[in-house]
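**Q** As numbered in mature numbering (1 follows the signal peptide of the UniProt record, and there is no 0), residues -35 to -1, 1 to 194 make up the sequence shown, in order.
Where is the CB? At the ideal position from N, CA and C, for every residue including glycine.
Okay, here's the structure, questions in a sec.
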Amino acid sequence: MTQEPTPPPVEPPVLTRRGVSSLALAAGVSGLVLAACGGGDSAATATGSTSSPATSGTPSNTPSPTATSPSPSPSQRPSASPAGQPQGGGAQPPPRQQQPPAQQQPPAQQPPAQQPPAQQSPAQQPPPATSAKPAGTRLASVGDVPSGGGVVLGGQNIVLTNTGGAIHGFSATCTHQGCTVGGVSGGTINCPCHGSRFDASSGAVVSGPASRALPAVRVVVQDGAVYKP
């Protein structure tokens, strides 16, 4: 066996102060260049190293076929029983008893409609007096007998007086000696023969020589005229 000769030990180079400064400057520049150019590589490397465990197996965000089609649970299975009936064939509850219909109040009785009052026929007016038969013999018109005076009718032997609108009739023969009275004035019937005077409304003696009143004669006023029945 041949023994190889041992090489002499290599001494490390001796770095001077200038050499150390040059090395430090070169190392700093190299570091800056690597930092500027190698940032993306380091980020990609980091990303690749981080995502590598996720790609090695089943992705966590990928839905599983079993998860997308879940089997219906027993509580979600459709029931074959009709709606409103309990499942399982249990006893059905008794049907609800219907409430009797509310009794309607009878309509209030309306009062009978009042009949309008029957129209009364106008009262029948009596026929005008002109159609009546004359009361008797016509003596004079009412206008011929002045109020407070009178008129002597020699042909009928009657004297008519008007006192306050009332027409009176008396005999025109004086009761003293049978003379015909002369006229009516001042509320008295005057005889021209002896001056006897009689009351115009009653025929009584006011002054004599006559001692008896003038007899009254019945007269009727109709349609503005004086009649003797």
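Going straight from the alpha carbon of Ala100 to that of Lys193, what length do you get?
**A** Stepping through the sequence shown from its first residue, residue 100 is reached at position 135. Stepping through the sequence shown from its first residue, residue 193 is reached at position 228. Rounded to the nearest angstrom, the two C-alpha atoms are 7 Å apart.
**Q** Let's see if you can read the secondary structure: which residues bound the beta strand (DSSP E) around Gly148?
**A** Indexing the sequence shown from 1 puts residue 148 at position 183. Note, Gly148: beta strand (DSSP E), Gly148 to Ser150.
**Q** Return helix, strand or coil for Asp109, following the three-state DSSP convention.
**A** Indexing the sequence shown from 1 puts residue 109 at position 144. Of the three classes helix, strand and coil, the one that applies to Asp109 here is helix, per DSSP.
**Q** How far does the beta strand (DSSP E) with Leu125 in it reach, from first residue to last?
**A** Position 160 of the sequence shown, counting from 1, holds the residue named residue 125. Residues Ile123 to Thr128.
**Q** Can you tell me where the beta strand (DSSP E) with Gln187 in it begins and where it stops?
**A** Taking the sequence shown and counting its residues from 1, the one referred to as residue 187 is at position 222. Counting along the chain, the beta strand (DSSP E) containing Gln187 begins and ends at Val185 to Gln187.
**Q** Measure the Cβ-Cβ separation of Gly148 and Asn127 and say whether it is below 8 Å.
**A** Along the sequence shown, one-based indexing puts residue 148 at 183. Along the sequence shown, one-based indexing puts residue 127 at 162. No.
**Q** Taking the alpha-carbon positions, what's the Ser136 to Val184 distance?
**A** Working through the sequence shown from its first residue, we reach residue 136 at position 171. Working through the sequence shown from its first residue, we reach residue 184 at position 219. For Ser136 and Val184, the distance between alpha carbons rounds to 12 Å.
**Q** Answer yes or no: do Val182 and Ile132 have a C-beta to C-beta separation smaller than 8 Å?
**A** The residue given as residue 182 occupies position 217 in the sequence shown. The residue given as residue 132 occupies position 167 in the sequence shown. Cβ atoms of Val182 and Ile132: not closer than 8 Å.
**Q** Does DSSP classify Ala100 as helix, strand or coil?
**A** What you label residue 100 is simply residue 135 of the sequence shown in a count that begins at 1. DSSP places Ala100 in coil when its eight states are reduced to three.
**Q** Taking the alpha-carbon of Cys156 as reference, which of Ser166, Thr145 and Gly130 has the nearest alpha-carbon?
**A** On the sequence shown, position 191 is the one that residue 156 refers to. The residue with the shortest Cα to Cα distance from Cys156 is Thr145.
**Q** Should Asp109 and Val116 be called a contact, given that it needs their Cβ atoms to be closer than 8 Å?
**A** Position 144 of the sequence shown, counted from the first residue, corresponds to residue 109. Position 151 of the sequence shown, counted from the first residue, corresponds to residue 116. Yes, Cβ-Cβ distance for Asp109 and Val116 is below 8 Å.
**Q** According to DSSP, is Lys193 helix, strand or coil?
**A** Locating residue 193 in the sequence shown gives position 228, where the first residue counts as 1. It is a strand residue.
**Q** Which residue comes first and which comes last in the beta strand (DSSP E) that contains Thr153?
**A** As a first step, residue 153 is located in the sequence shown; it is residue number 188 there, counting from the start. Thr153 to Asn155 is the extent of the beta strand (DSSP E) around Thr153.
**Q** Who does Ala136 pair with in a DSSP beta bridge?
**A** Here residue 136 is taken as the residue at index 171 of the sequence shown, counted from 1. At residue 136 the sequence reads Ser, which differs from the Ala that was named. Ser136 pairs with Ile123.
**Q** Along the chain, where does the beta strand (DSSP E) that runs through Arg162 open and close?
**A** For the purposes of this step, residue 162 is identified with residue 197 of the sequence shown, where counting begins at 1. Here the beta strand (DSSP E) through Arg162 covers Arg162 to Asp164.
**Q** Expressed to the nearest angstrom, what Euclidean distance is found between the alpha-carbon atoms of residue 198 and Arg103?
**A** Residue 198 lies beyond the stretch modelled for the chain, which goes from -35 to 194, so this question has no answer here.
**Q** Classify Ala169 as helix, strand or coil using the three-state DSSP reduction.
**A** Position 204 of the sequence shown holds residue 169. In this structure, Ala169 counts as coil in the three-state DSSP scheme.
**Q** Tell me whether the beta-carbon of Ala165 lies closer than 8 Å to the beta-carbon of Gly152.
**A** The residue given as residue 165 occupies position 200 in the sequence shown. The residue given as residue 152 occupies position 187 in the sequence shown. Cβ atoms of Ala165 and Gly152: closer than 8 Å.
**Q** Please return the same chain residues whose Cβ sits closer than 8 Å to the Cβ of Val186, not counting the five positions on each side in sequence.
**A** By one-based count along the sequence shown, residue 186 stands at place 221. Hits under 8 Å: Val107, Ile132 and Tyr192.
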